[in-house]
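Accompanying notes for the structure given below.
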Amino acid sequence: MRFFSARDVEDRAASEQMQRLLGTLAEHLSLEMTARTDGNSQEAVLARDADNLEHLVQAREYEMQGFTATKKWANSCEGNLVSKAAKELADELQRTTANQ
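Okay, so the sequence shown: first residue is 212 according to this note's numbering, each after it adds one.
So this is what it looks like as structure tokens:
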């Protein structure tokens, strides 16, 4: 069985997409993408937190539909959160029921 690094696949996909853009635009977007994925700026942290919150919402939706195997995924997403606001949203999400 062959495994892929998600980061390598994302980098290759981004590189292929950038090849179609014009010089300075491609360079600017490439720098922004690198800053987002590798950076520790407030914007990068919040962007990664937003991604993890989106996954956490999806995991909770699956859990509410009866798929209990999503708990490990949800815990991983919640454990990756950095900002106080994201952690507070995650806590509230965990208390939310399907009818709310």
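From the three backbone atoms N, C-alpha and C, an ideal C-beta is built for every residue, glycine too.
inquiry  = Less than 8 Å between the beta carbons of C288 and N251, yes or no?
reply    = Against the sequence shown, residue 288 aligns to sequence position 77. Against the sequence shown, residue 251 aligns to sequence position 40. No, they are not a contact pair.
ask   = Can the beta-carbon of D249 be found closer than 8 Å to that of L292?
value = By one-based count along the sequence shown, residue 249 stands at place 38. By one-based count along the sequence shown, residue 292 stands at place 81. It is not a contact, given that the beta carbons lie outside the stated cut-off.
message = Using CA atoms only, rank isn't needed, just tell me which of E274, V268, Q276 and F278 is closest to L323.
response = No information on residue 323 is available, as it lies outside the stretch 212 to 311 that the chain covers here.
inquiry  = Can you check which of these residues, S226, L257 and L236, is closest to K298 by C-alpha distance?
reply    = For the purposes of this step, residue 298 is taken as residue 87 along the sequence shown, with counting starting at 1. Among S226, L257 and L236, the Cα nearest to that of K298 belongs to L257.
query = Since T307 is in the alpha helix (DSSP H), which residue starts that stretch and which ends it?
reply = Residue numbering aside, residue 307 sits at position 96 when the sequence shown is read from its first letter. First-last for T307: undefined, no H or E at that position.
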